[in-house]
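Trainee: Sharing a structure below in structure tokens format, with a few things to ask.
Numbering (our numbering), first residue to last: 410 to 677.
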């Protein structure tokens with residue numbers, strides 16, 4: 410793996426294009442480029458070209474490079490369009506909520522000016538929005554935004570057969586090897602979105618630490634897959650998680666590696 414994260418460049422995007430064209434999987438592409446699978450997964454998802462004609466849809470390196478560079482422009486989509494920024498500021502001052510503004514833009518202003526309510530909130534609390542004190546016009550006027558991930562997950566369905574209460578006794582009393590515990594380690598806000606997945610084998614206490622670029626479940630699960638895939642099946646029989654949404658894709662571990670996942674029936 411590359412020491413210290415570096416953004417994908419045009420040469421790597423060309424390699425991804427060639428490997429995709431030959432039918433390689435995300436994991437095979439990641440191995441070839443010495444990248445984490447979640448990096449390749451995110452690249453193919455975010456920078457895929459969408460077109461009305463199916464023939465022109467897909468991943469193209471120069472298009473992907475242009476899309477990635479566009480996201481790096483300071484301030485994002487709203488700040489790059491002064492007329493859009495002025496319209497949003499005007500609607501906020503007229504007591505519209507970000508959700509109402511986003512809905513109106515989506516229906517009446519076309520793709521170029523369509524933004525989600527989350528993007529509007531980010532703009533309000535970004536440098537330009539703070540300079541204009543746009544936060545004063547929000548439904549709940551706070552100078553600083555609350556952390557988005559502070560809430561308990563809602564609506565996450567855990568099958569009864571996969572709850573901790575249904576685990577075999579050998580897992581509970583730590584008498585057999587191959588059963589793991591997974592947890593997410595979150596750092597202070599100044600360190601960005603980076604976090605670590607901790608994987609601890611319950612019997613031996615052997616531990617892995619996997620670095621994740623975000624808290625999204627697809628990336629977190631890809632990191633767990635990356636660390637456990639090379640083990641013989643008897644050494645990776647099950648994982649116990651908490652109910653956090655970052656582990657919501659736990660079923661993919663069963664499909665890919667045959668690992669059983671256990672989770673609490675409810676929080677608390």
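Glycine included, every Cβ here is placed at the ideal spot set by N, Cα and C.
#1: Can you confirm whether the stretch 655-666 touches the stretch 622-630 when touching is taken to mean that 3 or more C-beta pairs between the two stretches lie within less than 8 Å?
#2: Near residue 609, which residues of its chain fall below 6 Å by C-beta distance, leaving aside the five closest residues on each side in sequence?
#3: Please specify which runs of the alpha helix (DSSP H), each continuous and at least 4 residues long, are wholly inside the stretch 423-467, giving them in chain order.
#4: Using the C-alpha atoms, what's the distance from residue 493 back to residue 652?
#5: Tell me the rounded alpha-carbon separation between residue 476 and residue 580.
#6: In terms of residue numbering, what span does the alpha helix (DSSP H) encompassing residue 661 cover?
#7: Where does residue 656 fall in DSSP's three states?
#8: Is residue 506 closer than 8 Å to residue 548 when the C-beta atoms are compared?
#9: Among 537, 665, 671, 426, whose alpha-carbon lies nearest the alpha-carbon of residue 577?
#10: I'd like to check one pair, residue 641 with residue 667: are the Cβ atoms closer than 8 Å?
#11: Consult DSSP for residue 483 and reduce its assignment to one of helix, strand or coil.
#12: With a 10 Å radius around its C-beta and 16 neighbouring C-beta atoms as the bar for buried, classify residue 542 as buried or exposed.
#13: Between which residues of its own chain and residue 466 is the CB-CB distance below 8 Å, once the five residues before and five after are set aside?
#14: Cα separation between residue 623 and residue 473?
#15: In chain order, what residues of the same chain have a beta carbon less than 8 Å from the beta carbon of residue 504, not counting five sequence neighbours either side?
#16: Between which two residues does the beta strand (DSSP E) containing residue 590 stretch?
Mentor: Walking through what the data contain:
#1: Contact check between the stretch 622-630 and the stretch 655-666: three or more CB pairs, one atom from each, fall below 8 Å, which counts as touching.
#2: Same-chain partners within the cutoff: 590, 616.
#3: The stretch 423-467 contains these whole alpha helix (DSSP H) runs: 435-442, 446-455.
#4: When the Cα atoms are used, residue 652 and residue 493 turn out to be separated by approximately 39 Å.
#5: Near 47 Å, if we compare the C-alpha coordinates of residue 580 and residue 476.
#6: Run containing residue 661: 660-666, per the alpha helix (DSSP H) assignment.
#7: Three-state result, residue 656: helix.
#8: Result yes, Cβ atoms of residue 548 and residue 506 sit closer than 8 Å.
#9: Nearest to residue 577 by alpha-carbon distance, out of 537, 665, 671, 426, is 671.
#10: With respect to residue 641, residue 667 sits apart: the two C-beta atoms are not nearer than 8 Å.
#11: Confidence is the limiting factor: at residue 483 the pLDDT is only 48, short of 50, which leaves the residue's position unreliable and the question unanswerable from this model.
#12: With fewer than 16 other Cβ atoms within 10 Å, it is exposed.
#13: Excluding residues within five positions, the ones whose Cβ falls inside 8 Å are 457, 458, 459, 460.
#14: Cα to Cα, the separation comes out at about 20 Å.
#15: 546.
#16: Counting along the chain, the beta strand (DSSP E) containing residue 590 begins and ends at 588-595.
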